[in-house]
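Read through the structure below, which is laid out as structure tokens, and then see the notes.
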Ligand code: NAP
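Numbering (this note's numbering), first residue to last: 59 to 334.
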């Protein structure tokens with residue numbers, strides 16, 4: 059018997075909407091681990107003192123979400139290569155030697171979800187169209203390039219943000235104007251929406267979708283609703299579609315394993331627990 063109750067959590071502002079507590083608590087229960095996972099509402103000016111205090115209270119690590127993913131990097135003693143490339147962290151691991159390790163598992167989650175939902179998907183069969191150039195796009199692009207994508211066609215409403223991504227990630231990215239989004243959707247083998255458009259409460263993704271055709275793989279990072287307009291139209295056009303909830307589930311796997319020592323499964327039961 060030990061008195062240690064391993065704790066993890068998620069730090070953000072706001073935080074009430076986060077589905078991560080349901081996800082991790084489901085796995086804790088499934089694996090009989092006497093720990094907990096707690097949503098932590100933290101303002102920017104308190105981030106440093108909160109993070110530094112957590113290991114003293116039994117926290118083995120935390121997830122980091124909006125708006126702290128970039129600023130939290132300054133607190134890390136060690137940063138994974140992929141987090142450096144992405145320029146943001148979504149996971150902290152509090153090591154026993156007192157050091158803080160920062161990682162970013164969003165790109166891993168994106169790819170694992172794509173591979174689970176579209177088992178025949180290959181990164182190098184044709185261009186990948188990426189809509190959006192925010193924080194999530196950086197993780198998606200890093201993972202696509204690491205997986206061997208040969209060409210990424212990138213469209214963002216604010217073109218300079220797409221150009222900045224190209225200068226960070228290199229020659230395999232071709233930036234196109236946002237008004238050309240319909241064309242890259244037609245030309246691509248894989249289509250990824252990384253914008254927040256289509257999310258409940260946000261504006262609709264209003265790019266032309268009539269170029270969608272069978273053989274394409276289409277995925278949306280938005281998972282509320284589970285079937286966005288993009289995914290509904292893609293399904294109707296005969297594309298293989300993959301919803302964004304699986305990315306949330308898969309990005310949590312490496313973190314849970316590092317914190318609690320068990321690699322959890324992404325299955326229907328955990329999907330149902332998160333959707334409850
Ligand atoms: P972000 O950094 O704020 O980026 C938002 C992106 O959406 C930017 O490219 C922005 O374009 C674009 N956008 C917003 N409003 C727009 C509009 N009216 N017209 C055209 N483009 C618009 O956010 P993020 O962190 O990248 O997250 C993006 C989405 O991915 C969110 O819905 C988030 O919930 C989702 N996400 C899901 C997962 C998952 O696990 N499934 C993980 C991470 C993120 P501008 O640059 O022009 O502003």
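Positions of the beta carbon are idealized from the N, C-alpha and C atoms, including for glycine.
Could you round the C-beta distance between residue 184 and residue 239 to whole angstroms and report it? I think they count as a contact, below 8 angstroms.
Not confirmed; about 17 angstroms, so no contact.
Grouping DSSP H, G and I as helix and E and B as strand, with all else coil, what is residue 77?
It is coil, neither helix nor strand.
Kindly give me the distance between the Cβ atoms of residue 332 and residue 81, rounded to whole angstroms, as I take these residues to be in contact under 8 angstroms.
Going by Cβ atoms, the distance from residue 332 to residue 81 rounds to 5 angstroms, so yes, they are a contact pair.
Which whole runs of the beta strand (DSSP E) in the stretch 199 to 228 are 3 residues long or more, in chain order?
210 to 214, all fully within the stretch 199 to 228.
Using the Cα positions of residue 162 and residue 67, report the straight-line distance between them to the nearest angstrom.
Those two C-alpha atoms are separated by around 15 angstroms.
Look up residue 119 in the DSSP assignment and say whether it is helix, strand or coil.
Reduced to three states, the DSSP call for residue 119 is strand.
Specify, as a first and last residue, the run of the beta strand (DSSP E) that residue 61 falls within.
Looking at the DSSP string, residue 61 is not in any beta strand (DSSP E), and its letter there is neither H nor E.
Could you tell me if the beta carbon of residue 129 falls within a distance shorter than 7 angstroms of some heavy atom in ligand 1?
Residue 129: no, Cβ never under 7 angstroms from ligand 1.
If we ignore side chains and look at the alpha-carbon of each, how far apart do residue 92 and residue 64 end up?
C-alpha separation (whole angstroms): 7 angstroms.
For the alpha helix (DSSP H) that residue 166 lies in, which residues bound it at each end?
First-last of the alpha helix (DSSP H) with residue 166: 164 to 175.
Would you identify the three-state DSSP class for residue 241, choosing helix, strand or coil?
DSSP places residue 241 in helix when its eight states are reduced to three.
Cβ atoms of residue 234 and residue 212: under 8 angstroms apart, would you say?
A contact, by the Cβ cut-off of 8 angstroms.
Under DSSP, the beta strand (DSSP E) around residue 276 begins and ends at which residues?
Element bounds for residue 276: 275 to 278.
Quick check on DSSP: helix, strand or coil for residue 159?
Three-state DSSP puts residue 159 in a strand.
Name the two residues that bound the continuous beta strand (DSSP E) containing residue 231.
Unbroken beta strand (DSSP E) run through residue 231: 231 to 235.
As a quick exercise: from 107, 108, 70, 88, pick the residue whose alpha carbon is nearest that of residue 97.
Comparing Cα positions, the closest option is 70.
Considering Cα atoms alone, identify which of 131, 304, 166 is closest to residue 106.
It is 131.
Under the DSSP definition of a beta bridge, which residues are partnered with residue 94?
Paired residue(s): 65.
Across which residues does DSSP place residue 21 in a beta bridge pair?
There is no way to answer for residue 21, as the model of the chain reaches only from 59 to 334.
Just how far apart, CA to CA, sit residue 89 and residue 314?
The straight-line gap from Cα to Cα measures roughly 11 angstroms.
Using a Cβ-Cβ cut-off of 7 angstroms (strictly less than) and excluding sequence neighbours within five positions of residue 169, which residues of its own chain qualify?
The answer, listed in chain order, is 201, 205.
Since residue 274 and residue 164 are thought to touch, with beta carbons under 8 angstroms apart, how far apart are those beta carbons, to the nearest angstrom?
Not really, about 23 angstroms apart at Cβ, beyond 8 angstroms.
Does the stretch 222 to 234 touch the stretch 189 to 196, meaning 3 or more C-beta pairs lie closer than 8 angstroms?
They touch, by the three-pair rule.
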